[in-house]
Every structure is written in C-alpha cells, then in structure tokens.
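Q: Encoded as structure tokens, here's the structure I'll be asking about.
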Amino acid sequence: MSSGQGGYADAYRRSLEDPAAFWADAAKGVSWIRKPKQILDESNPPIYRWYPGARLNVCYNALDRHIIEGRADQDALIYDSPVTGTKRRYTYAELLDLTARFAGGLEALGVTKGDTVLIYMPMVPEAVIAMLACARIGAVHSVVFGGFAPAELAVRIDDARPKVIVSASCGVEPTRVVEYKPLLDEALRRAEHQPETNVILQRQQAQAEMGPKDVEWRTLMTPNAVPPAGCVTVEATDPLYILYTSGTTGRPKGIVRDSGGYAVALTWSMKAIYGVGPGDVMFTASDVGWVVGHSYIVYGPLLAGATTVLYEGKPVGTPDAGAFWRVVEEYGVNAVFTAPTAFRAIRRADPNAELLAGKNIQSLKTLFLAGERLDPDTYAWATEKLGVPVVDNWWQTETGWPICANPRGLDDLPLKPGSPSVPIPGYDVQVLGPDGQALEAGQEGAICIRLPMPPGTLATLWQDDDRYVSSYLSAFEGWYLSGDGGYKDEDGYVFVMGRTDDVINVAGHRLSTGSMEAVLAAHPAVAECAVIGVHDALKGQQPRGFVVLKSGVDTPPAQLQDELVELVRAEIGAVASLRRIDVVNALPKTRSGKILRKTMRQIADGAEVMVPSTIEDASVLEALSPILKW
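1 is the number of the first residue of the sequence shown in full-length UniProt numbering; add one for each residue after it.
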C-alpha cells in the first residue's frame, strides 16, 4: 500500500496479521447474550465459521437496544413513495412495536426458531417489518424481489420450503400496477412445497382475492389479537437469511448469511466505510429484494442507530430526474447509496443537472455507488454536480458487504476514477493468473480473496456445502473466486473490469470488454454502453459495442461510430478490433441495474436463450434482438 494511508493502512494490516484479534475487537460493537470466546472456527476448511458458541438476537441489536440507549423517539425508518403519494415516518419505538406484533403473529401461525419464511413484497414498510420480525423470533427469512416470475418464484419456494409466505396484493410501478397475488398463486400451483399460510398485505391500488390459506396482514396486526413476541436467542452461526443470486437457472444458489458475523461486519462497516453513525440519515436507493437492500436499507443503518429511507420510486420518472435531490433535501440525508445505472439515467435525462438548482443538499456528505462498474465519466459528472466525494464500492450478494471501497470512516484516501479503491480490512484481495500465482501491478487476472473471508460473508449455500465449495472455492486452493477480473495498480487500488467471462479472445489476444466500455463511456455523447464478444469464424471472437446517447445529442450515428472506433483504437490499440458500434435507445438490464451482457452475447451467437427472470423490461431486449442477430 502507498504511504499516507494512516488509519486505513494500520487497520488493514492488523486485520490480515491477526484476524481473530481484529474481529474480536469489532464484535464489541454488538450486544451479545453470550459473548464470543472463540472468534474463528478453522476446524473444517475451506468452510470457516465466525463466533462459534456466541449468542445474540439481531433484531434486538437493530431496534431494542437503541430504545434502551435513548433513541425511542428518533426516526428509524422514513417511507417515501412517489408512486403512491405516501410518506410516513416511524420512530424506533413505533418500528419495534410493529415488529414485535408481527413477530407475535408469525408465532401464532406456528413459525418457530429455524423455520423459513419467504417474503415477496414491494418496497413498503411492511417488508422491513417482516424481515425484522423473522430475526426477532429466530426464523430464517428469504426475500424474493416483488413481481418475480412465477416459475422462478416456485423454484425458490421449493428450495427454501417456507412455513409461511408474506406477500402483498400488488406492487406499484410508475406506469402500471403489478398484481402479486396471481403471480404467487401461479407459483404455488407449480411448486411441490406448500406453505401452511400466506399473509397478504392488501394495498388500495389492487385488492387480492383471498384463498383458504390466506390471512390478511391487518387481521394479524389487530391490536391485542396476539401477544407481541420477545427476542429469541440464536447462535451466532445460525442463519439469519437466505438470499438467492439473481438470474439462476435450475436449482438456485441460496446464499446463507449467519447472524453473528453479519451483525458484527455491518455494524463495523457503517462507521468505517460509510461514515454513518447514530442519528445520521442514509438513503439507499435499492430494493429489499437485493443484497444492498438487506445490508444498507434494513440491517446496516438500524444496527448503527441511524435513520434509513425506504423509497418506492425510480431515479427518473417519479416524477423526474430531480427525485433523489428532493429526498436528500426533505429528509436531511447524509449518505446516498445507489447503483451507477441510476446516475447514468439521471444524467441522461438532465445532463446539466438543472433539476438540482435551488435544492438544498448541504446535508449530503458522500455519494456511494455499487452494483456495476462505475465508469469515470459518470464519476466525474456526479462529483462536479454534487460537490461531494463519490465513492465506488465493489462487492457481491455472496459477500454481503464491500470487498473494496474508500473507507470514509477510517481515512481520507485519494479517489481514483474507475477504481472502487482499496481492499477493506478483512479481505486479502489478490489478482491471480491461470496458475494461481499473484500477478504484478497492472496485470489483469482473476480477482480472488484469500480464505478465510471476514465475518458477514456467505457461510455456505443453503443445504449444499459441496456446491458452495465447487462453485466458489475450488478454482484455486485456499481462495474464494469472485468471478470478476481486473488488476491492482502500484498503490494497491483495485480496478474491476467485469466478469471473467467478459474477457474475450480476439485472434489470440485476451481483451477486457470492460476496458473498451471505459473508453466508450468517456465520449461526451454517451450516457451508457456495453461491449460484448461475439463469435467470429476467423478470429474466434469480435467485440461489438452498443451505446445509449445522452438527452439532446444530435450527432449523426455514422459520425459518432467513427469517433468511438477511433477512440478505442487510440486508447487500447488496433488489436481491440472494435469496428461495429450501434446506437440504441436502451440496454437490457436486471431490476438491480446490471446490463445483461451474457444474454446479449447468447442472442448474437444464435444460442438458445433463457431470459433472466430478473429482467427489468423484456421489451428492451426484444427491440435489441434484431440488431444483435444482424
């Protein structure tokens, strides 16, 4: 690491030299029922467990203890729904009351410690309450993104085998109402496993037809109908939740998150990485169905005693590209966390940030972006318009919290466009070559993490240790394979260039499509872009580019294509061989904002394509297909 990294360099060194001591110290930030004596169980490599023998309750740490410490009247949760015109604040005392009552309702339905509960909900407070209620009674929740297709939902029901499913009558999109109950009913018709009860939140935008196994949320929450539940003690190594990775086919990968390690890691990360503490306001514009929603809408901010904003809307279109600025001003938000694709959408709709004018966003200290590679152009635009540090952070559903970031609570490290900065304490990140040897600075390879990984990362896959090992731990002995490729620079900063399957082979030259995308994104007319490798009989593969233009750009497509091809040639060289670049209206994405490059490549190569169930708008892919096949 370079010099001048003060608090970060010391913390990182300590975390690798003596991880047990480092994470024993971090565990002091959590309230334990039985404090950890053993910190790390290394008896069954490559599977490691944190804090064996310790006991706690995660809901107690997220709610009860803050009330005991005097935060009963502080806002815990702010619900802001521009799609329904609804706003509501919940204090810690109110959120605890609702959570304990719903937890009591789950107990009345027969849910006990260790049972699974599947949550299929829109972005409403009841989704957060259901998650916390499960944690309160030791049940294992599995949140599935609201509106997920019945076939994929059925697969998750069969894998998680929930005793109870918690859902809603509908979700509300900017232009339509999506009825969830018919989707759930169809999924249950397909599933072999059947829950004992379905709890349905009736929303006024669409009323669900109730069946014999269905109970309304409001019935369960009738005052004095059931006694509120207390906190059930669980082992630190007991699962808190299962979260399925998106876009899986066949039997899905259920990431298992343990209770103790996750509580410690998130509590530590809130201050060390995000600089958010008690009383601060964090606005994470994601969804509770994704890992970012689990960690930094629900658990992280509440474990920290902060206020979390739950936003049911879009970055643009609800009503316009100034929506985020309105939320920051209205609630005094200190930290915003969203995906780069959200800011690309804002920039495309409002390139000069005219909707920011007149908004008081002085409370905002930092913008955090994650979920896709943050291109330097978007980084520069956000930095200029907001006047605050723009911090990229790189992590995965599997890790549960950042692998690489710029730890704002530890140090004031320089920011480098295109890099999520440095490995976070606890993560020994190396770039490995095909032989498993660490590569020199600047050399691209597979980004891997030395085992054991820190607390809060996946413990295993749901009921499948063997698949966990074969999927993640078998490529290089003693290492976790991230699946992403990139390099480290001479200062130890990590540059993530994309999935390793996005490295293409052109006439024997291995080229990163992420590097080409970085060049395209730097053009002033380009709002966002994707580069894929398509089959070529002569050269093996050829790169193809797709760009979406910023609002108001009127450069002729042919001229723009020439400029972009020349840019890539100048920055990467003629070997890149990128000659075809299409201007398109939109790129197909998952609901979490990831561009469906693999699906695009499959269509271009004429392969049989299974469209991921996580796709945001299938019509975008349909419109693009003829261009891909041409």
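Ideal Cβ placement from N, Cα and C applies to all residues, glycine included.
Note that the structure is a prediction, hence the values are computed from the model and not measured.
Find the nearest neighbour of E444 within the set I403, K37, T99 and V494, judged by alpha-carbon distance.
A: With distances taken between Cα atoms, E444 lies closest to V494.
Q: Span of the alpha helix (DSSP H) holding S515?
A: Counting along the chain, the alpha helix (DSSP H) containing S515 begins and ends at T513 to A521.
Q: Kindly indicate which three-state DSSP category F337 falls into: helix, strand or coil?
A: Of the three classes helix, strand and coil, the one that applies to F337 here is strand, per DSSP.
Q: Look at L243 and H294 and say whether their C-beta atoms are less than 9 Å apart.
A: Contact: yes.
Q: Extract the residue ranges of the beta strand (DSSP E) inside the segment 348 to 375, only unbroken runs of 3 or more that lie entirely within it.
A: Listed in chain order, the complete beta strand (DSSP E) runs (minimum 3 residues) inside the segment 348 to 375 are 366 to 369.
Q: Under a Cβ-count criterion, where at least 16 other Cβ atoms within 10 Å of its own Cβ denotes burial, should I33 be classed as buried or exposed?
A: By the 10 Å Cβ count, I33 comes out exposed.
Q: Roughly how many whole angstroms lie between the Cα atoms of L621 and P340?
A: Whole-angstrom Cα-Cα distance: 20 Å.
Q: I'd like to check one pair, K271 with G171: are the Cβ atoms closer than 9 Å?
A: Result no, Cβ atoms of G171 and K271 do not sit closer than 9 Å.
Q: Please work out which residues of its chain come closer than 7 Å, Cβ to Cβ, to A353, disregarding the five sequence neighbours upstream and downstream, and give them in chain order.
A: If we look at A353 and ignore the five residues flanking it on each side, its Cβ neighbours are K385.
Q: If you draw a straight line from the alpha carbon of D159 to that of A149, how long is it in whole angstroms?
A: About 16 Å.
Q: Pairs of beta-carbons, one from the segment 575 to 586 and one from the segment 547 to 567, closer than 8 Å: are there three or more?
A: Short answer: they touch.
Q: Under the three-state reduction of DSSP, which class applies to T233: helix, strand or coil?
A: Here T233 sits in coil by DSSP.
Q: Leaving out the 5 sequence neighbours to the left and right, which residues in its chain are closer than 6 Å to E312 when beta-carbon positions are compared?
A: If we look at E312 and ignore the five residues flanking it on each side, its Cβ neighbours are S81, V83 and M123.
Q: Using the Cα positions of A304 and T457, report the straight-line distance between them to the nearest angstrom.
A: One C-alpha to the other measures close to 19 Å.
Q: Only counting the same chain, and skipping five residues up and downstream in sequence, which positions put a Cβ closer than 7 Å to that of L560?
A: Same-chain partners within the cutoff: A525 and V583.
Q: CB R136 to CB A103, shorter than 9 Å?
A: Yes; because the gap between Cβ atoms is below 9 Å, this pair is in contact.
Q: Does DSSP classify T267 as helix, strand or coil?
A: Three-state result, T267: helix.
Q: Check the Cβ-Cβ distances between W290 and every residue of chain C, and say whether any is below 9 Å.
A: This model lacks chain C altogether, as it is built from one protein chain only.
Q: Suppose contacts are defined by Cβ-Cβ distances below 9 Å. Is T197 in contact with K181 by that definition?
A: No, these two residues do not count as a Cβ contact at 9 Å.
Q: Hey, how far is the Cα of K598 from the Cα of A54?
A: If I take the Cα positions, the gap works out to 43 Å.
Q: For G317, which residues of its own chain have a beta-carbon under 6 Å away from its beta-carbon, when the five flanking residues on both sides are left out?
A: Cβ within range, chain order: P174.
Q: V568 to A521, Cα distance in whole Å?
A: When rounded, the distance between both Cα atoms is 11 Å.
Q: Just the C-alpha distance for Q74 and P434, rounded to the nearest angstrom, thanks.
A: Straight-line Cα distance between these residues: approximately 53 Å.
Q: Between L95 and S515, what straight-line distance do the alpha-carbon atoms span, to the nearest angstrom?
A: Cα-Cα distance, rounded: 46 Å.
Q: Give the DSSP-derived three-state secondary structure of W479 in the structure shown.
A: W479 falls in the strand class under three-state DSSP.
Q: How is the beta strand (DSSP E) around V328 delimited, first residue to last?
A: Run containing V328: none in the beta strand (DSSP E); it sits in the alpha helix (DSSP H), A323 to Y331.
Q: Could you tell me the distance, in whole angstroms, from the CA atom of A72 to the CA atom of V431?
A: The alpha-carbon atoms of A72 and V431 are separated by roughly 47 Å.
Q: Can you name, in chain order, every residue of its own chain whose Cβ lies under 6 Å from the Cβ of W394, other than the five neighbours on each side?
A: Closer than 6 Å at the Cβ level, and outside the excluded window around W394, lie I403, C404, P420 and V496.
Q: Can you tell me whether S577 is buried or exposed, with buried defined as 16 or more other CB within 10 angstroms of its CB?
A: Its Cβ being crowded by 16 or more others within 10 Å, S577 is buried.
Q: Quick check: A349 and A321, are their CB atoms within less than 9 Å of each other?
A: Yes.
Q: Extract the residue ranges of the beta strand (DSSP E) inside the segment 258 to 312, only unbroken runs of 3 or more that lie entirely within it.
A: Entirely contained in the segment 258 to 312, the beta strand (DSSP E) runs reaching 3 residues are, in chain order, 281 to 284 and 307 to 311.
Q: Using CA atoms only, rank isn't needed, just tell me which of R373, V388 and A380 is closest to K365.
A: Nearest of R373, V388 and A380 to K365, Cα basis: V388.
Q: Give the DSSP bridge partners of V316, in chain order.
A: BP columns for V316 are empty, so no partner.
Q: Could you pull the start and end residues of the alpha helix (DSSP H) that L96 belongs to?
A: First-last of the alpha helix (DSSP H) with L96: Y92 to A108.
Q: Excluding the five sequence neighbours on either side, which residues of its own chain have a C-beta within less than 7 Å of the C-beta of R89, listed in chain order?
A: So the list reads D75 and I78, once near-sequence residues are dropped.
Q: Considering only residues of the segment 538 to 584, which uninterrupted alpha helix (DSSP H) runs meet the minimum length of 4 residues and lie entirely inside it, listed in chain order?
A: Segments of the alpha helix (DSSP H) lying fully in the segment 538 to 584: 557 to 571.
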